[in-house]
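A short worksheet on the structure shown next.
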Ligand code: F6R
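Numbering (this note's numbering), first residue to last: 2 to 610.
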């Protein structure tokens, strides 16, 4: 996720670009840059760090010109650095490009361009776009962009400028947002409305595959087949603050709704074209690498620890390697039995959590191989680990983690399939089934999010609850842990999660008339056992809310209320069943008038022990 902006008009471009980018920092803030055409050439100013660093760098020498583009970056390919910052330009400086998304086939294109003599200055996937422009340019800016779009694969929103055509910007999008703000004698481009809301309230929202040529007085839009489109103007009535949250009341809700896209981005380029397996080019493991691993430790804190528990089920059941999951702050001091035959996987959204970083260092000291799963490119944990898998969730602003968790789960499942196939312990049929289950997951997440009224009503109904219990078996238990954490951290309702079979060993004493219990029942192999546990709590007059797969006709006979999730494979079910729990926690917190995005006593990144 990154933020992009563009301006063409009668005013100086730089003030708008910098102001617009400041409203998009929630989309990325590890580096920033602008490109402005001064009448003779395109001048680029960019640097690693927050936007303020760019402001300082520009100082009094503000690039002048009335056409320009800007970018605030959240690194995916290539660590945050001056060179990797956008905009990118070709060697002649004729073209400049800003990009949000991932060019999946960039390596093949890059090799081809290098063979043709192009010299790359960055490690980014984006730079191939601008070199392709230079390679294919025949004097016609628009035609060249169209040729480039035929070659690149992946997800993108892109804005192009060309020194030979300083009267226009060209933009397009696929699976990433882009809006065009309509002014008088000036027009604006941005990843999101907050960047332009102070300049115009009239917008065109581009759809996938649309191609727009923007001049100061006109906006020409074509569909992917080159057929002109007359776009409907979308008028924004939100205030600037609401716009930053995309019209959502809180960042947490926005991030909940971003999950289909976050999971899609995290999986993109990691699923083989024939859907037979998953691919991790960043690991490049062969059988020998895995045969040497006798045990895996997964180490993390909080929500990431819960993702680790799901990961244990995935890896043990699919790749047949024993896994232990540790809370990072415990691992450091418990003198774990780790050696060279151990692989340690640390999971961390921020990549900066002090306990996780220390545990990673300890595992390394003891001789383990280390792998980090993190959302922040170039973070301390990413730098410390031997190898890294990035989740592409984009920045998570709300303290309560949502989209980071689901993308971590997607990575753990892809990793288990990858390892299972390398080790030859996964049948090709089951591998295909699992990859297919992953493939349809973003649409299932979308479907689930289409109507959450039912979940919201339940949350409001339970808002006065003093205690809540979350139960489940197997993978449902792992998700119950996360549901309970979400509820307590943002709504301050006391919540506990139990393996459903464990309740009778003590906690059942707390189940009395009216106590609220949420039971997950999505796992077929333990379904009957879960029903028995539901009967146990119902016999004590608890009020039970069940989470079940669509098509489950029996559950309603046992519980008081049910929330259905789309029918899914047992391994993708956790990535779906956590959503109702996140939404439940969110609305319970709203109903109790809690500060959802900034819960009391908590911080987003815990960099102290
Ligand atoms: C809960 C939450 C925390 C984090 C934990 C680890 O919603 O966000 O429990 O999961 O502090 O943070 P990272 O993943 O950044 O290491």
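Glycine residues also receive a C-beta, built at the ideal position from the N, C-alpha and C atoms.
For residue i, list the residues DSSP reports as bridge partners.
i	result
residue 611	The structure shown does not extend to residue 611, since the chain is modelled only from 2 to 610, so the question has no answer here.
residue 72	5, 34
residue 613	Because the chain spans 2 through 610 in this model, residue 613 falls outside it and cannot be assessed.
residue 161	98, 171
residue 325	298
residue 279	272
residue 595	Its beta-bridge partners do not exist; DSSP assigns none.
residue 480	In the DSSP output, where bridge partners are listed per residue, residue 480 has none listed.
residue 540	According to DSSP, which records beta bridges pairwise, residue 540 is partnered with nothing at all.
residue 344	297, 370
residue 263	None, per the DSSP bridge assignment.
residue 155	104
residue 229	223
residue 118	DSSP, once it has assigned bridges, lists no residue as partnering residue 118.
residue 546	519, 562
residue 49	32
Keeping to the same chain, check which residues put their C-beta closer than 8 Å to that of residue i; ignore five residues upstream and five downstream.
i	result
residue 381	352, 353, 358
Just to confirm my understanding: we take residue i, look at its own chain, exclude 5 residues before and 5 after, and list those with CB closer than 7 Å. What are they?
i	result
residue 413	308, 311, 312, 315
residue 166	142
residue 84	122, 123
residue 248	239
residue 528	522
Which residue's Cα is closest to the Cα of residue i: the options?
i	options	result
residue 138	155, 164, 554	164
residue 223	173, 217, 559	173
residue 343	487, 395, 367, 253	367
residue 43	426, 518, 64	64
residue 562	543, 296, 580, 490	543
residue 37	54, 176, 95, 452	95
residue 501	489, 513, 471, 494	471
residue 531	548, 516, 515	548
residue 596	430, 51, 483, 251	251
residue 75	211, 283, 377	377
residue 571	286, 379, 442, 284	442
residue 62	50, 72, 46, 73	46
residue 1	126, 130, 79, 114	Any answer about residue 1 is impossible in this case: the structure gives the chain only from 2 up to 610.
residue 476	318, 117, 111	318
residue 583	402, 333, 60, 427	402
residue 128	91, 147, 113	91
residue 324	298, 181, 333, 349	298
Quick one: Cα of residue i to Cα of residue j, how far?
i	j	result
residue 27	residue 436	32 Å
residue 485	residue 33	38 Å
residue 417	residue 6	39 Å
residue 327	residue 77	28 Å
residue 1	residue 430	In this structure the chain extends from 2 to 610, so residue 1 is not present and cannot be described.
residue 586	residue 468	13 Å
residue 102	residue 513	51 Å
residue 73	residue 259	19 Å
residue 150	residue 208	15 Å
residue 590	residue 156	34 Å
residue 275	residue 153	19 Å
residue 406	residue 539	31 Å
residue 19	residue 120	29 Å
residue 212	residue 226	10 Å
residue 302	residue 329	6 Å
residue 580	residue 256	11 Å
residue 398	residue 198	21 Å
residue 525	residue 534	15 Å
residue 411	residue 71	32 Å
residue 99	residue 88	5 Å
residue 478	residue 175	37 Å
residue 423	residue 278	10 Å
residue 284	residue 448	33 Å
residue 217	residue 10	5 Å
residue 482	residue 112	46 Å
Between residue i and the rest of its own chain, which residues show a CB-CB distance below 6 Å, the 5 nearest in sequence each way excluded?
i	result
residue 607	354
residue 389	373, 383
residue 569	577
residue 195	24, 244, 245
residue 363	333
Cβ contact check for the stretch 454-461 and the stretch 288-297: 3 or more pairs under 8 Å: Judged by pairs of C-beta atoms under 8 Å, the stretch 454-461 does not touch the stretch 288-297, as fewer than three such pairs exist.
Check whether the stretch 122-141 and the stretch 5-17 are in contact - that is, three or more C-beta pairs closer than 8 Å. When C-beta atoms of the stretch 122-141 are compared with those of the stretch 5-17, fewer than three pairs fall below 8 Å, so the two segments do not count as touching.
At a cut of 8 Å, does the stretch 175-192 reach the stretch 145-160 through at least three beta carbon pairs? yes
Should the stretch 463-477 be called in touch with the stretch 515-526, which here means at least 3 C-beta pairs below 8 Å? Three or more beta-carbon pairs drawn from the stretch 463-477 and the stretch 515-526 are found closer than 8 Å, and the two stretches are therefore classed as touching.
Validate contact between the stretch 389-401 and the stretch 255-270 using beta carbons, cut 8 Å, 3 pairs: They touch, by the three-pair rule.
Are the stretch 57-74 and the stretch 107-115 in contact at 8 Å, needing three or more beta carbon pairs? Contact between the stretch 57-74 and the stretch 107-115 is not established, with fewer than three Cβ pairs separated by less than 8 Å.
Measuring CB atoms only, is the stretch 223-235 touching the stretch 46-58, in the sense that at least three cross pairs come out at less than 8 Å? At 8 Å Cβ cutoff, the stretches do not touch.
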